[in-house]
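To start, the structure under review is shown below, and the notes come after it.
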Amino acid sequence: MIKRFVNNSVGAIQNSDFAKKLWVIIPVFLIIGLISILIYNHYADFSWAGFLAGFNQEFLIFFCIGVFAQLVDGTLGMGYGATSTSFLLAYGVPPVVSSTGVHVAEMFTTGASAISHHRFGNINKKLVRHLLIPGVLGSITGAYLLSDVIDGDVIKPFIAVYMIILAFIIIRKAIQKNIVKKKTKRLGILASFGGFMDAVGGGGWGPIVTSTLLGRGRNPRYTIGSVNAAEFAVSFASGITFMLFGGISGWQVIIGLILGGVIAAPLAAYLVNKIQRKPMMIVVGILIIILSLRTLSKLV
1 MIKRFVNNSV GAIQNSDFAK KLWVIIPVFL IIGLISILIY NHYADFSWAG
51 FLAGFNQEFL IFFCIGVFAQ LVDGTLGMGY GATSTSFLLA YGVPPVVSST
101 GVHVAEMFTT GASAISHHRF GNINKKLVRH LLIPGVLGSI TGAYLLSDVI
151 DGDVIKPFIA VYMIILAFII IRKAIQKNIV KKKTKRLGIL ASFGGFMDAV
201 GGGGWGPIVT STLLGRGRNP RYTIGSVNAA EFAVSFASGI TFMLFGGISG
251 WQVIIGLILG GVIAAPLAAY LVNKIQRKPM MIVVGILIII LSLRTLSKLV
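This note's numbering numbers the first residue of the sequence shown as 1 and each following residue consecutively.
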């Protein structure tokens, strides 16, 4: 009897350890697989000559955007898509290239972010499971529409307006006081809407999902870590959809965002509980508004 109890206990511990390792193994496996496929299908772009040809002032700008956007997203649980898309649109990058670049880059940056948040114990696994599948389905739908149905030039002003709305949501959440904890219902609907708007607009998963959960009084540390972990699957799904239906263009944008985001991800996960979130949220919101208004002014 005692021997059986000991064996069962050891087995449970081993299964638990394996389950913990899966949170690192799966992102690493998917990222390595994605890199292999991209190199195989786009060898010329990944050659040393192709890399050197793309390494110029624009690449450094996209790299800096990637660093800043990931620091914002990893510490606030929102803002990567909104920040990077606003900068890219303001710089003159077309909407489809911008959204594709952001989501392909997020396949790497969110993977690094998920691993980093897991390393620092910032993830609520139950919350991740509730957000995962609905978020993926919403992102696939949005990515397909933007790649194969919607004209990027037509939607560009709407994306800029959408970014301004997201910015106001971020600022409103920053100045909101006396948040009372409430039970969060319809997580599936929230995740589906967040994934869809994220794919179509180039951002929105964090401002929609994270801000709603924080607004209902959830613990910031576990909410940010869990939403970032779920975002890996959401970004992976939308990125693959963009690849299948729209192809890949704008390698300077993608590589710059990837390198900047991956480098910044561990630092952002470490800083998640060490910064003053409200002032930073307000600054980020104002910055997005300014960039979006600049994009709109170019379209008038």
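Virtual Cβ for every residue (Gly too), placed ideally from N, Cα, C.
With a CB to CB cut of under 8 Å and the five nearest residues on each side skipped, what residues in its chain are close to F59?
-> Counting only Cβ-Cβ distances below 8 Å, and skipping sequence neighbours, we find Q252, I255 and G256.
Helix, strand or coil: how does DSSP classify N124 here?
-> Reduced to three states, the DSSP call for N124 is coil.
Please state if the CB of L71 and the CB of A268 are separated by a distance shorter than 7 Å.
-> Yes, the Cβ-Cβ distance between A268 and L71 is below 7 Å.
Nearest CA to the CA of S113: which residue from G92, I258, L291 and Q176?
-> The shortest Cα separation from S113 among G92, I258, L291 and Q176 belongs to I258.
Let me know the secondary structure DSSP gives G260 once reduced to three states.
-> Correct three-state label for G260: helix.
For the stretch 95-106 against the stretch 126-134, are there 3 or more C-beta pairs whose distance is under 8 Å?
-> The stretch 95-106 and the stretch 126-134 do not touch, with fewer than 3 CB-CB distances between them shorter than 8 Å.
Could you pull the start and end residues of the alpha helix (DSSP H) that V272 belongs to?
-> Counting along the chain, no alpha helix (DSSP H) covers V272, and no H or E run does either.
Pairwise C-alpha distance: A265 and M281 | Our two residues, M281 and A265, have alpha carbons roughly 18 Å apart in a direct line.
Stretch-stretch touch, CB-based, cutoff 8 Å, three pairs: the stretch 202-221 with the stretch 77-93 = The stretch 202-221 is in contact with the stretch 77-93.
Cα-Cα separation, K278 to V136 = In a straight line, the C-alpha of K278 is about 29 Å away from that of V136.
At least three beta-carbon pairs within less than 8 Å, the stretch 119-126 to the stretch 219-230 | Counting C-beta pairs with one atom in each stretch, the stretch 119-126 and the stretch 219-230 have three or more that are closer than 8 Å, which means they touch.
L214, buried or exposed, once every other Cβ within 10 Å from all chains shown has been counted against 16 | By the neighbour-count definition (other C-beta atoms within 10 Å, threshold 16), L214 is a buried residue.
Using 6 Å as the cut-off, classify the Cβ of S192 as near or not near the heavy atoms of the ligand FMN, replying yes or no.
-> Here there are no bound small molecules, and the ligand FMN is not part of this structure.
Taking the alpha-carbon positions, what's the T141 to G195 distance?
-> Answer to the nearest angstrom: the Cα atoms are 9 Å apart.
Are the beta-carbon atoms belonging to V200 and L146 less than 7 Å from one another?
-> Cβ distance < 7 Å, so V200 and L146 count as in contact.
Would you mind stating whether M107 and T210 have Cβ atoms separated by less than 7 Å?
-> Result no, Cβ atoms of M107 and T210 do not sit closer than 7 Å.
Around the C-beta of L271, are 16 or more other C-beta atoms found within 10 angstroms, so that it is buried, or is it exposed?
-> Under the 10 Å beta carbon count, L271 is surrounded by fewer than 16 other beta carbons and is classified as exposed.
Considering only residues of the same chain and omitting the five flanking positions on each side of S192, which have a CB-CB separation below 8 Å?
-> Cβ within range, chain order: P134, G135, L137 and G138.
In the structure shown, what three-state DSSP assignment does R78 receive?
-> Note on identity: in this sequence residue 78 is Met, with Arg being the wrong assignment. Coil, per DSSP.
Outcome for G285 when other beta-carbon atoms lying within 10 angstroms are tallied against a minimum of 16 = That one is buried.
Which of the three DSSP states, helix, strand or coil, is assigned to Q176?
-> The answer is coil: DSSP assigns Q176 none of H, G, I, E or B.
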